[in-house]
Structures are given as C-alpha cells and as structure tokens.
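Per the UniProt record's numbering, residue 1 is the first one in the sequence shown, and the count goes up by one each step.
Here a beta-carbon is modelled for each residue, glycine too, at the ideal position from N, C-alpha and C.
Bear in mind that the values here come from a model prediction, so they are computed numbers and not experimental data.
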Amino acid sequence: MENCSYFIKDKGLFGSHPSNEDVTMLEGIGVKVFVDLTYENEKKIVPYTTNCRYISYPIKDNNIPYDRISFTVLIYNLCNILHTLPPGDLLYVHCKGGHGRSGVVVACIVSKFCNFSPKDAILHTTKSHDDRITMRDIWRRMGSPQTKQQKQFVYNMCRTVIITDRHLLSISSDFKVNIEGVVFNNALSAINNLISKGQTDLTAINTVLRERDIQHSHLVKILVDTGLKYIKVNDMQPYSNLVANCLSSLRSEYIIQNVNTG
C-alpha cells in the first residue's frame, strides 16, 4: 500500500482504511494486528475481513477520543503489543483516510513507546505521515494529527505532570506509611531507613511506593489518572529521578493489569 507508512520502523504502520485486497497485501508483509478507529456505519467505509488480531476503537471522524481513561488503556495495550511482537510481525493502525484519528493514536503511542515529548511525538508522526508515496497535497500540508483540537489532545495526554505531596512523596505529606511494623510520617524517612539497612536505592523506593499503594489505595487512582503524562518529581532529593521512574513503572503495571482483567 502506497498510502501507509511506518511510525516505528519494522514494527508499526499507519494509513487508510484497507480494502480486502489491501488486507491480503498487508498480511503478506507481516501485519498481525489491525487497529480500526472507524465506526461500522461510517460513510464510504467497506468492512474488511482478516484472520489476524483485530482491535476496534471507534473515534468520530475529524474528532478526538471521548473517554480518556479507555484511550489510555488502549495506548498502553498497543505499546505492550509493540514491545512483544516477534521480529517481522507488524501492527497496522488506520482510520478512514489515515491522517487525523490515526495521527492522534500514533502520536500518543510514539510519545509513550519512545519517551518523546508531545511536540516531538507530533513532529515524528507528521514526518512519518509525509513519507507516504500516494497522498493528496491538502492532506500532506495538514500533517498528522490534522486539526488543532487533535494536536492539543496529544499535548494534554502526554505532557509533563509534577507529582506533589498529596501523592505521599513530600516530607510535608499527611500520609504515613507502615514498613515492617514501623510507621513513618513520610516516604523519604521510610526510604532512608530501608537504605540504611542495606537495601539499594531502587529497591527501597519500590518497597515504599508499593506499600503506599496498599495502605492508601485511593492514591493508585491518582497515579493511574495521570495516564500517558511524563512524570516528574521535585521534592524527593536525592531520589527524585528514581522515584519518578518507579512511579512510571508502577503506573504501567497497574494499567496493564486493567488491560488484562478488563
């Protein structure tokens, strides 16, 4: 197909709604997963058949996803699929034309999968979109994602979020954490205590954060609600970067659990 292009080399393609002939060709080059962003009753859409994995997540034409939580789960699911695809297998994302809705999904995948900022993810998606051989000049000029609303959605979903003391990460936090029968008034004290007993920085931080989530389960929702955003921690020196990385890993774990049980 000349009207599709790679957004992750040798892993992910995006493009227009395929015909059955296109599906045969795509399957022939290794596509094992089709991600369909169209509605069944959408105009000028002819359903196709495939024996490969088929994921449907309808988004209105020229629009954005209406449910950010389910969209976050979708992106985590697709990133997980991309991480686990055997060499030579491909994922194909499409809407109708392969420009707007596909661009939104692809930009968010790229931001999460490649750890790109929203701006860089959109630039990468637009460049990947521009690689297509067959495309009308108007679509090439508009880029991918297409509309201002779609681009703003990517920024809002993937921007940086600063975790604050309400997440049990500040010395001034009201939340206590019980580690092996000892109650600490804040996470930093608990982390330092475990490190003093011989645990590595990373192990201590993971232990404290996991206990935090067990003892204050509503904080899990706060973490999960950050969705695809890049996590930054400012008030946990000298462990801020490690804490941010651990929080990102825990968030991924919780969301993937939701994918597997949902």
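- Unbroken alpha helix (DSSP H) runs of no fewer than 4 residues, entirely contained in the segment 123–165, are found at 137–142, 148–158, following chain order.
- Within the same chain, Cβ atoms closer than 6 Å to the Cβ of Val35 are found at Ile55, Val93, the five residues on either side in sequence being excluded.
- In the DSSP assignment, His94 forms a beta bridge with Gly15, Asp36.
- When beta bridges are read from the DSSP output, Arg101 appears opposite no residue.
- With contacts defined as CB atoms closer than 8 Å, Tyr39 and Pro18 fail to qualify as a contacting pair.
- Taking a contact as a CB-CB distance under 8 Å, the pair Pro145 and Gly100 counts as one, their CB atoms being some 6 Å apart.
- Every unbroken stretch of the beta strand (DSSP E) spanning 3 or more residues and falling wholly within the segment 194–235 is given here in chain order: 230–233.
- Judged by their CB atoms, Val73 and Thr50 are not nearer to each other than the 8 Å cut-off.
- The beta-bridge partner set that DSSP reports for Ser5 consists of Phe14.
- Distance from Lys232 to Thr160 at the Cβ level is roughly 5 Å; contact confirmed, criterion being Cβ atoms closer than 8 Å.
- According to the DSSP assignment, Val46 belongs to no beta strand (DSSP E), since it is labelled neither H nor E.
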